[in-house]
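Structure, as C-alpha cells:
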C-alpha cells in the first residue's frame, strides 16, 4: 500500500486549456434542442465556465483532504479512500458506477464517519487511479473489492452500490454472504430481468419492465455503443475534453432530478481526463456481464432499497424481492440516479436508519 496525493501537473492543465480554447461545436438549427443530446448552449456555457471560473486547484485540495491510497490486489493497483471513525460501529463499502467516480460519495463520507462508521470508497478497476484488469466482469471486480476489505482488516462489512455498483454489490453478496452483513442499493441491477419467468409477472412488474423498455429505446443508445464498440468512441474520450464532458454531462443531467452542478460535472470529467481512463472505464459495458465466474441465485443477505424518484427506473418491491431478501424498501422524497451526490442528507439518513435496524 502507498499513499496517493493528487497533483496534476502544470503541463497537463495547460494542454487541457489549449484543447478547450480550440473546441469546435456542432452546427444546429435550434440552439435549445436537447432531445438529440446535451444542448450546444449548455456545452458552450460549461466550457466557458471551465476556462474562466472553475478552480481545479481548489477542488484538488478538497479531494486531498481525504485519505487516498493505492493497494496492490492480485498484482493490480486499486485506488481507494479510507476514512475511519473512532467509534467504529461498523464499516461501509460504497461502490460507484458509470459515468461517475468516487466523487459520487464525497458528500457522504464525513457524515457517515461522524455517525460512527468506517468508510471505504474504491475507484473501480479502470476508473480514475485504479489499474484496469485483463478481465472486467462484475465477478472479478467483486473479488478484488472483497480482497481489499480483508486487506484493510474488515472481515465483516456493509455494501452499498448504485448503477454498476449495484451489480457488483449483488455479486459480492452472492459470493461472500458470510462477510456481507447488509446490502444497501439504489436500484435493482438491470441484468436480473434476463432471468425472469415473464409468465409470473404481476401487473406492477410488467408495467415496470415496459417503462424500462421504453426508456431503453429513447435513452439507451449509449449502452449499445459502449457494449459493442467502446474503443471507437474512446478516441473522443482520450483526445477531446469537450467530447468527454458532453458524453458524461448528458447522462448526469438527464438521470438526476435537478441536474448536477457545473463544478461536479467538470471535476468528474477531470478525473477521467487526467488519468486517460475514458476507454478503460467504458470497457465495463462490454465485459462486465460476460460468461464465466458470475454467481447466480437469490441474495439472502438482508437488503434495503432506496428508490429515489428521479432515478432511471422505479421498480416495485415485489420485483426486487424476486432476487433479494428485501427487509426495507423506501422512496426518499427527492433525488435521482446519483443520490449520494444529489441529496447527501437524504441518502445518509436512509442508510443510517438501515444500519441501525
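Residue numbers (the UniProt record's numbering): 1 to 357.
Where is the CB? At the ideal position from N, CA and C, for every residue including glycine.
Keep in mind that this is a model prediction, so the values were computed, not measured.
- The three-state secondary structure of residue 177, taken from DSSP, is coil.
- Under the DSSP definition of a beta bridge, residue 69 partners with 3, 80.
- DSSP, reduced to helix, strand and coil, places residue 26 outside both helices and strands of the structure shown, so it counts as coil.
- Comparing C-alpha distances from residue 59 to each of 348, 296, 288, 262 shows the shortest one belongs to 262.
- The alpha carbon of residue 72 has as its nearest neighbour, out of 104, 133, 206, the alpha carbon of 133.
- Under the three-state reduction of DSSP output, residue 158 falls in the strand class.
- Rounded to whole angstroms, the gap between the alpha carbons of residue 65 and residue 199 is 53 Å.
- Using a C-beta cut-off of 8 Å, the segment 192-208 makes no contact with the segment 172-181, since fewer than three inter-stretch Cβ pairs fall below that distance.
- Counting only the Cα atoms, residue 104 lies some 20 Å from residue 149.
- For residue 300, there is no enclosing alpha helix (DSSP H); the enclosing beta strand (DSSP E) has its first and last residue at 299-306.
- The residues 60, 63, 64, in chain order, have a CB closer than 6 Å to that of residue 6 in the same chain once the five nearest residues on each side in sequence are set aside.
- Fewer than three pairs of CB atoms, one per stretch, sit closer than 8 Å, so the segment 143-158 makes no contact with the segment 312-321.
- In this structure, the straight-line span from the alpha carbon of residue 303 to that of residue 153 is close to 23 Å.
- Linking residue 299 to residue 178 through their CA atoms gives a straight-line distance of about 12 Å.
- Judged by beta-carbon spacing, residue 131 lies within the 8 Å limit of residue 125, meaning their Cβ atoms are closer than that value.
- With contact defined as three or more Cβ pairs closer than 8 Å, the segment 337-354 and the segment 94-112 are in contact.
- Under the Cβ criterion (8 Å, minimum of three pairs), the segment 84-94 does not count as touching the segment 43-58.
- Taking C-alpha positions only, residue 204 is separated from residue 316 by approximately 7 Å.
- With contact defined as three or more Cβ pairs closer than 8 Å, the segment 246-261 and the segment 35-43 are in contact.
- A Cβ-Cβ distance of about 7 Å is found for the pair residue 237 and residue 272, placing them in contact under the 8 Å criterion.
- Residue 351 places its beta carbon 8 Å or farther from that of residue 176.
- Cβ atoms of residue 312 and residue 138 stay farther apart than 8 Å, at about 18 Å.
- For residue 118, the enclosing beta strand (DSSP E) begins and ends at 117-122.
- Out of 187, 28, 118, the CA that lies nearest to the CA of residue 332 is found in 187.
- By the Cβ neighbour-count rule, residue 1 is exposed, with fewer than 16 other Cβ atoms within 10 Å of its own.
- About 6 Å separates the beta carbons of residue 275 and residue 129, which is inside the 8 Å limit, making them a contact pair.
- Taking a C-beta distance under 8 Å as the contact criterion, residue 113 and residue 344 do not qualify as a contact pair.
- DSSP, read as helix, strand or coil, puts residue 186 in coil.
- DSSP, reduced to helix, strand and coil, places residue 355 within a helical segment of the structure shown.
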